[in-house]
């Protein structure tokens with residue numbers, strides 16, 4: 001299987017890059033040894049892994065992912081996958097992807113993986129032997145490659161960070177993926193939203209800079225194609241323009257509050273009503289996807305067990321009874337009116353650099369009782385963005401407010417940053433120092449060192 005995925009024999013001569021990759025493999029293998037030991041040994045990871053990989057590993061550890069996880073049958077399969085793939089916006093780009101990547105990669109003995117914006121594999125392309133070998137380690141159509149599901153891998157990191165990257169051999173968190181290297185790049189909608197991920201996978205050759213450059217070039221070409229399609233659609237006729245103008249003129253009628261531990265709240269014409277968890281999940285997901293969501297796509301965002309369309313239709317019918325039948329369209333499901341959310345307001349504060357306003361708006365995690373994959377992604381994104389902004393601010397007031405709240409109370413890195421803003425002779429300095437020592441003892445390791453690399 002290794003030779004299949006590698007697409008041939010390894011190079012005869014060890015180049016400088018080959019020597020560097022060998023060192024990377026050796027260090028990553030040592031890191032897996034420390035990972036297996038756990039406890040205080042985790043502090044040894046920092047000197048062995050690239051920072052991006054280290055951060056991902058620590059998130060994987062906190063997420064409870066088992067590096068020895070074996071392949072299972074979970075995933076979207078058969079007709080359900082076909083419907084989801086055919087309805088996905090990436091479907092129109094596949095002829096271009098085939099021309100730019102698939103044909104040459106197959107001839108070179110490599111594979112091309114196309115995933116959606118959540119890390120779900122839509123298709124795997126290449127020589128049948130390489131595709132079969134990839135399936136044995138978990139690169140299968142319909143599988144979830146998100147970091148939340150399988151830990152550190154190239155597709156999962158692109159979904160997490162929105163940036164092109166590569167992961168080599170034992171840098172993968174799962175042992176079963178140590179035989180491959182993946183180079184992946186994001187594809188964005190014209191409005192900047194992530195729409196999917198392209199990845200070339202194979203052996204050591206994939207770790208070369210030119211392979212990552214090739215994937216990035218293909219992703220850029222795909223994005224340009226989407227821009228051209230949007231421009232053509234925008235000039236499609238007077239009725240289309242009129243519809244857009246009417247939509248833009250529609251006043252904001254609904255408000256949604258989903259931050260914090262309280263009951264989700266919906267504001268309708270100034271009147272507040274409580275929402276069920278499921279209704280709040282659906283409404284927030286529709287607000288986050290103004291382009292609309294097909295039933296299959298919405299089901300994936302709501303539940304890992306892949307809800308059937310009948311369940312989705314029933315939930316949408318009950319939601320319309322709450323927000324009004326005219327507020328939600330069908331095929332795909334989409335909002336016909338603007339829903340102002342506290343998530344949107346928080347993002348705007350972060351985008352403008354107004355950290356104090358962001359902290360005031362952040363009443364707590366997004367729908368903290370929800371386990372819906374799409375909601376978990378929004379929750380993680382906001383918390384990481386806010387925490388990163390707080391740590392980077394070096395503002396004692398901001399850091400004091402963060403460490404006083406439930407999310408920052410045990411955040412050792414934030415306490416360390418707060419300590420750096422306080423005079424050593426101040427009584428407050430001693431209090432902060434005592435708190436950090438308590439956190440160190442509680443975690444059984446240097447908490448500050450551990451939290452420096454992730455949220």
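In full-length UniProt numbering, the protein residues as written are 1 to 455.
Yeah, the Cβ is synthetic: ideal placement off N, Cα and C, and Gly gets one too.
Under 7 Å between C-beta atoms of residue i and residue j
i           : j           : result
residue 53  : residue 115 : no
residue 271 : residue 342 : no
residue 123 : residue 141 : yes
residue 109 : residue 154 : no
residue 134 : residue 168 : no
residue 113 : residue 199 : yes
residue 281 : residue 345 : no
residue 100 : residue 221 : yes
residue 29  : residue 48  : no
residue 301 : residue 285 : yes
residue 138 : residue 261 : no
residue 152 : residue 26  : no
residue 417 : residue 391 : yes
residue 34  : residue 24  : no
residue 87  : residue 374 : no
residue 266 : residue 275 : yes
Residue burial classification, residue i (beta-carbon count within 10 angstroms, cutoff 16)
i           : result
residue 351 : exposed
residue 66  : exposed
residue 117 : buried
residue 436 : buried
residue 227 : exposed
residue 55  : buried
residue 71  : exposed
residue 291 : exposed
residue 128 : exposed
residue 204 : buried
residue 330 : exposed
residue 370 : buried
residue 264 : buried
residue 144 : buried
residue 273 : exposed
residue 78  : exposed
residue 103 : exposed
residue 458 : What is shown of the chain runs 1 to 455, which leaves residue 458 out entirely.
residue 149 : buried
Proximity winner among the options, relative to residue i (alpha-carbon distances)
i           : options               : result
residue 192 : 173, 204, 215 and 163 : 163
residue 119 : 194, 320 and 211      : 194
residue 96  : 131, 224, 46 and 23   : 224
residue 21  : 94, 156, 180 and 152  : 180
residue 349 : 169, 338 and 362      : 362
residue 377 : 160, 42, 144 and 82   : 160
residue 50  : 170, 143, 294 and 313 : 170
residue 326 : 309, 354, 296 and 254 : 254
residue 217 : 190, 368, 184 and 293 : 184
residue 311 : 321, 324, 323 and 296 : 296
residue 212 : 374, 186 and 432      : 186
residue 231 : 190, 259 and 214      : 190
residue 63  : 414, 336, 173 and 402 : 173
Practice item. Specify whether the stretch 377-389 and the stretch 354-369 touch according to this definition: at least 3 beta carbon pairs, one from each stretch, less than 8 Å apart. Key: Result yes; three or more Cβ-Cβ pairs closer than 8 Å.
**Study point:** Ranges of the alpha helix (DSSP H) found wholly within the stretch 408-442, counting only runs of at least 4
**Key:** Counting whole runs of 4 or more residues, the stretch 408-442 contains the alpha helix (DSSP H) stretches 412-419.
**Study point:** Segments of 3+ residues assigned as beta strand (DSSP E) that fall wholly inside the stretch 318-388
**Key:** Uninterrupted beta strand (DSSP E) stretches at least 3 residues long and entirely within the stretch 318-388 occur at 339-341, given in chain order.
Check your understanding: Are three or more beta carbon pairs between the stretch 405-414 and the stretch 313-321 nearer than 8 Å?
Key -> In this structure the stretch 405-414 does not touch the stretch 313-321; the number of beta carbon pairs closer than 8 Å is below three.
Point to revise | Within the stretch 87-149, ranges of the beta strand (DSSP E) (whole runs, at least 3 residues) | key: Scanning the stretch 87-149 from its first residue to its last, the whole beta strand (DSSP E) runs of 3-plus residues come out as 111-116 and 121-125.
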